[in-house]
Amino acid sequence: MSGEDERHTIYSQKDIQVFEEELLPHASAIYNFAYRLAFDEDEAKDLVQETYFKAYKFIKSFHKGTNAKAWLYRILKNNFINDYRKKSKEPAKIDYQDVENIYNSDEAQETFSGNIAVYPFKETIGDEVSNALNALPIDFRIVIILCDLEEFTYEEMAKILDIPIGTVRSRLHRARNLLRKKLLYYAQSRGFKLQ
Amino acid sequence: MDEGLEKNCNDESFDCPQGIDNEERVQLLQRIVDGQATTEEEKVFYSSMEDCDKCRCKNLCDQHLEIKSILKEKLIPVPMPNGLIDQIKGKITGSL
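Protein chains in written order, with numbering that gives the first Met the number 0: chain A, 0 to 194; chain B, 0 to 95.
Structural data, given as structure tokens:
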């Protein structure tokens, strides 16, 4: 659909009903997916709003009774990946307010060896499992979230990710092997047998 | 992977005596872990383990199952912020 067409789309009462009855009930799950990807509440909220806005724009291409949740996840994943790629290409940004705050604080007396570039993801939650998941390459993180947290089938994941089912499984295998290495210490301390 | 040990099914170049190639093993293992294997596939998987003293599939399978379990236990769903649904509706209504 071109931009010209979008401006002239007329939404019927039925479109609004489909949106409210089939798409909106997944908002909580969609928010969780966004949060696990972005690791930031504000960014997750923006992603969810953008996802629903796009879904509404293309509501006429949605077939009632089909897998609305998978459709929304696919839109959100594409939004996130596009943003992620853009951010990856941007030069590192410096928040000068943060620099000023640090400079004016007592911490300025201490040696500052951290990198002040603003990364797309923040490791502010001191949770080993979240951090281990967040440290995975993005494609691996997504398959783990979809499979282990959201419990999608391989077939659904293949549709969301637009890759063959065999690739879904290979990617999961590699992602789990990577997570296994990252979680080894944590797992042993909690009595799990990862070794 | 443990270094210095004989090659086993965690190695990509491992020549499985059961004739299961690496990619096939990876695919089967994940289907078992995620409970999406057929009864026939489960038979192949478990008989392969019993027949091969170098088989590490069971070990890998257990580890991946524990990863799933840790993720489920630790990463509980986060609550959706209040008013998000209204914000979505507002954004859509405002665009019409």
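Note that the Cβ used here is the ideal one computed from N, Cα and C, for glycine as well.
Residues of its chain near residue i, where Cβ-Cβ distance is below 6 angstroms and the 5 sequence neighbours each way are ignored
i, result
"N58 of chain B", "none"
"F151 of chain A", "L145"
"L36 of chain A", "F79"
"Y10 of chain A", "none"
"I15 of chain A", "none"
"F47 of chain A", "It should be pointed out that residue 47 of chain A corresponds to Val in this sequence rather than to Phe. Result list for V47 of chain A: I29, Y30 and A33, in chain order."
"V167 of chain A", "Y153, M156 and A157"
DSSP three-state assignment for residue i, whether helix, strand or coil
i, result
"Y10 of chain A", "coil"
"T152 of chain A", "coil"
"G165 of chain A", "helix"
"V142 of chain A", "helix"
"N66 of chain A", "coil"
"M48 of chain B", "helix"
"D126 of chain A", "coil"
"V77 of chain B", "coil"
"T37 of chain B", "coil"
"F57 of chain A", "coil"
"A26 of chain A", "helix"
"G93 of chain B", "helix"
"A134 of chain A", "coil"
"F18 of chain A", "helix"
"F32 of chain A", "helix"
"D39 of chain A", "coil"
"E22 of chain B", "helix"
CA nearest to the CA of residue i, picked from the options
i, options, result
"K76 of chain A", "A:E150, A:Y34, A:T152 and A:R179", "A:Y34"
"D61 of chain B", "B:E22, B:G34 and B:M79", "B:G34"
"L182 of chain A", "B:G82, B:I66, B:G93 and B:P78", "B:I66"
"E127 of chain A", "B:I84, B:K42, B:N81 and B:E72", "B:E72"
"L178 of chain A", "B:K88, B:S68 and B:N81", "B:S68"
"L79 of chain B", "A:Y55, A:S129 and A:A26", "First, the amino acid is wrong: residue 79 of chain B is Met here, not Leu. Minimum Cα distance to M79 of chain B is reached at A:A26."
"I165 of chain B", "A:I80, A:R168, A:S129 and A:I137", "The question about residue 165 of chain B has no answer here: the residues shown for chain B are numbered 0 through 95."
"D161 of chain A", "A:E19, A:I74 and A:E20", "A:I74"
"D147 of chain A", "B:L70, B:I91 and B:K88", "B:L70"
"L22 of chain A", "A:A67, A:D41 and A:K180", "A:A67"
"Y30 of chain A", "B:L83, B:H63, B:K88 and B:E41", "B:L83"
"E23 of chain B", "A:S169, A:V47, A:K44 and A:N176", "A:S169"
"A134 of chain A", "A:E149, A:V167, A:K180 and A:G165", "A:K180"
"Y184 of chain A", "A:E149, A:A131 and A:K85", "A:A131"
"I87 of chain B", "A:F32, A:R84 and A:K44", "A:K44"
"S87 of chain A", "A:P136, A:E19 and A:T166", "A:P136"
"V77 of chain B", "A:Q12, A:E149 and A:E19", "A:E149"
Neighbourhood of residue i by C-beta distance below 8 angstroms, restricted to the same chain and skipping five residues each side
i, result
"V17 of chain A", "I58, F61 and K63"
"A69 of chain A", "F151, E155, K158 and I159"
"P237 of chain A", "Any question about residue 237 of chain A goes unanswered here, given that chain A covers just 0 to 194."
"R173 of chain A", "F139"
"I91 of chain B", "none"
"H63 of chain B", "L28, Q29 and V32"
"E40 of chain B", "L27, R30 and I31"
Cβ shell of residue i (< 7 angstroms), same chain only, five flanking positions each side left out
i, result
"K121 of chain A", "Only weak support is given to the placement of K121 of chain A: the predicted model assigns it a pLDDT of 34, under 50, and the value that follows is read from those uncertain coordinates. Answer for K121 of chain A: F38 and D39, listed in chain order."
"F71 of chain A", "Reading off the sequence, residue 71 of chain A comes out as Leu, not Phe. L22, H25, I29, T50 and A54."
For the stretch 134-145 of chain A against the stretch 24-34 of chain B, are there 3 or more C-beta pairs whose distance is under 8 angstroms?
No, the stretch 134-145 of chain A does not touch the stretch 24-34 of chain B.
Inspect the CB distances between the stretch 154-165 of chain A and the stretch 36-51 of chain A and report whether three or more fall short of 8 angstroms.
With the cut-off at 8 angstroms, the stretch 154-165 of chain A and the stretch 36-51 of chain A do not touch.
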